[in-house]
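Notes follow once the structure below has been shown.
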Amino acid sequence: MSDHEHRLRQLIDRMTASGSVRSQPWKDAAAAVPRHEFLRNGFFRPVPGTSPTAWTPVCQGEEGWLEVCYADESLVTQIAGTIKPTDIRGEIMREPTSSSTLPSLVLRMLEDLQVQPGMKVLEIGTGTGYSTAVLCARLGDSNVTSIEYDEEVASQARQTLGRLGMYPTLLTGDGLHGAPQGGPYDRIIATCAVRTVPTAWLQQTRPGGQILTTIGGWLNASELVRLTVHEDGTASGPVLGGQVSFMLARPHQTPPLGVLPDLGRGKQREAALGADILDDWATRFIAQFAVPTAQRLTVHNGQHNDDVLIDTTTGSFAALHQENDRWIVRQGGPDRLWDAVEDHLSRWHAAGTPTLKEATIRVTPAGQNISR
Ligand SMILES: C[S@@+](CC[C@H](N)C(=O)[O-])C[C@H]1O[C@@H](n2cnc3c(N)ncnc32)[C@H](O)[C@@H]1O
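Each number in the working numbering comes from the position in the sequence shown (counting from 1) with 45 added on.
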């Protein structure tokens, strides 16, 4: 057995022991896909102790390359929309824009997708093509369509998949519009997160079919959800849990803050809930549904730190600070952001503060919400 075959077998054993791989067909599919083939252009590793994170390239043939390909880790393959590992030496401090997802999450999601042989699947976010290859190994190339936003990433994935003799339908474009030419699909799976589930996905999934996606947002909390599409074109389903986090779909990424409004203006009142509730992941995830276009930042105003929610599209803001044991909120702009958060969370608490696993997401063409 070659070195990589040995490492692949060990990885599959670990994923089986941890419960990410739960069935023989997915185990066989994972065993048919050598992950290092998708990482021949190298990857970036985080430099320990840096904040914001600095990244350093590891190229094929360098010490540790093969070992890390078979470690159960997400490996960044593109930074700032253009930079590949072979493009730089040293360190770079910009946002990752493409990666090979950690295999245990890929396999967990494929198990969660509840596919049967013969089903047609659309994948959003081809990336390196690793997850596309596992789908092809299980369902056959003709049942798999995958779409990637970035032309260079897509072309690299096409070459790698071709080298392995896999020829699914590969498209380049904005997967938020789906891929209508190949639909309807039995399943849509997204390996990038979305702020709102696109209507195109509802329209391109067969009634009774499922959409597996991570819903994320600008308050930086995200969860994996599995939605069943109904005859009336709406969808609903559970939060699967586990704080699953993916890079946001490119058109959904956080916009620049621009010029801050005057946070000293606005109407002030005592807050029923303090800004520190947003330090909790689940609470932030729920609050995101109330203020979907708000971002959070801290501003020092000379006397104290303001914990600020700001909506760059409307200029609305809520600035919170603590005075003794009270929280004070000052709100300006057309929308009262903190009123919306308090209202939403108080209804959540009135429903008995369900855990996320007890929650249901409902999506219609008009919007999405979370409730018990
Ligand atoms: C986490 S990576 C995908 C991992 C990949 N499935 C794998 O296993 O290698 C997310 C990918 O989604 C792509 N992406 C982001 N927004 C997209 C969009 N709107 N449509 C299609 N792909 C998108 C990114 O360019 C990136 O390559």
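In this text, a Cβ means the ideal position worked out from N, Cα and C, and glycines have one as well.
Predicted model only: the values in this text are computed from it and were never measured.
Is it the case that the CB of R90 approaches a heavy atom of ligand 1 more closely than 7 Å?
False, no ligand heavy atom lies under 7 Å from that Cβ.
For ligand 1, is there any heavy atom lying closer than 7 Å to the beta carbon of R52?
No; taking the cut-off as 7 Å, the Cβ of R52 has no heavy atom of ligand 1 nearer than that.
Can you check DSSP and say which residues form a bridge with L354?
Residue pairing by DSSP places L354 opposite R341, A363 in a beta bridge.
Between N369 and Q348, what straight-line distance do the alpha-carbon atoms span, to the nearest angstrom?
14 Å
For L84 and K165, I'd like the C-alpha separation in whole angstroms.
Between L84 and K165, the C-alpha separation is close to 27 Å.
Under 8 Å by Cβ, that's how I've got L206 and G227 pegged, so tell me the actual separation to the nearest angstrom.
Rounded, the Cβ-Cβ distance is 16 Å, inconsistent with contact.
Residues sharing a beta bridge with V9, DSSP
Residue 9 lies beyond the residue range present for the chain, which begins at 46 and ends at 417; the question has no answer from this structure.
Hey, would you say the C-beta of L166 is under 7 Å away from at least one heavy atom of ligand 1?
Checking the sequence shown, residue 166 turns out to be Val, not Leu. V166: no, Cβ never under 7 Å from ligand 1.
Integer-rounded CB distance, given that W100 should sit under 8 Å from V92:
7 Å
If you draw a straight line from the C-alpha of D132 to the C-alpha of E82, how long is it?
19 Å
Quick one: Cα of Q248 to Cα of E268, how far?
22 Å
Compute the beta-carbon to beta-carbon distance between E118 and L147, rounded to the nearest angstrom, for a pair I have assumed lies under 8 Å.
5 Å
How would you write the range of the alpha helix (DSSP H) that T328 sits in, first residue to last?
Its alpha helix (DSSP H) spans residues 326-335.
Identify, in the order they occur along the chain, each residue of the same chain with its Cβ nearer than 8 Å to the Cβ of T177, setting aside the five sequence neighbours on each side.
Correct list, in chain order: E168, T171, V189, S191, A202, L206, M211, P213, L215.
Going by beta carbon distance, what residues of the same chain come within less than 6 Å of K312, once the five residues before and after it are set aside?
Q376
Which runs of the alpha helix (DSSP H), 4 residues or longer, sit entirely within the stretch 96-169?
DSSP runs (the alpha helix (DSSP H)) wholly in the stretch 96-169: 110-114, 148-157.
Using only CA atoms, which one of E156, P102, V160, G378 lies nearest to R134?
P102
Rounded to whole angstroms, what is the Cα-Cα separation between K402 and A327?
10 Å
For C114, is the beta carbon positioned less than 7 Å from some heavy atom of ligand 1?
no
Do the CB positions of W88 and P141 come within less than 8 Å of each other?
It is Phe, not Trp, that sits at residue 88 in the sequence shown. Not closer than 8 Å, so no.
If we count the other Cβ atoms within 10 Å of its Cβ and call it buried at 16 or more, is M46 buried or exposed?
Classification for M46: exposed.
Just to confirm the assignment, what range does the alpha helix (DSSP H) spanning E50 have?
48-63
I need the straight-line Cα distance from G360 to S290, nearest angstrom please.
28 Å
Cβ-Cβ separation, F362 to L382 (assumed contact under 8 Å), whole Å
Here L382 really is in contact with F362; their C-beta atoms are around 7 Å apart, less than 8 Å.
From what residue to what residue does the beta strand (DSSP E) around V408 run?
405-409
What do you reckon, are the CB atoms on R295 and Y230 nearer than 8 Å?
no
Give me the residue from S416, D380, I406 with the minimum Cα distance to A395.
S416
Taking 7 Å as the line, does the beta carbon of E193 fall inside it for any heavy atom of ligand 1?
Ligand 1 has a heavy atom closer than 7 Å to the beta-carbon of E193.
Where do the N-terminal and C-terminal ends of the beta strand (DSSP E) with Q298 fall, by residue?
It is not in any beta strand (DSSP E) - Q298 carries neither H nor E in the DSSP assignment.
For the putative contact between L285 and A332, defined by C-beta atoms under 8 Å, what is the C-beta separation to the nearest angstrom?
No, L285 and A332 are not in contact; Cβ-Cβ is about 20 Å, not under 8 Å.
Verify the contact flag: P283, CB atom, against every heavy atom of ligand 1, threshold strictly below 7 Å.
no
Suppose you measure from the CA of V408 to the CA of K72; what does that come to, to the nearest Å?
32 Å
Is C104 near ligand 3, in the sense that its beta carbon is under 7 Å from a heavy atom of that ligand?
With respect to ligand 3, the structure offers nothing, as its ligand set consists of ligand 1.
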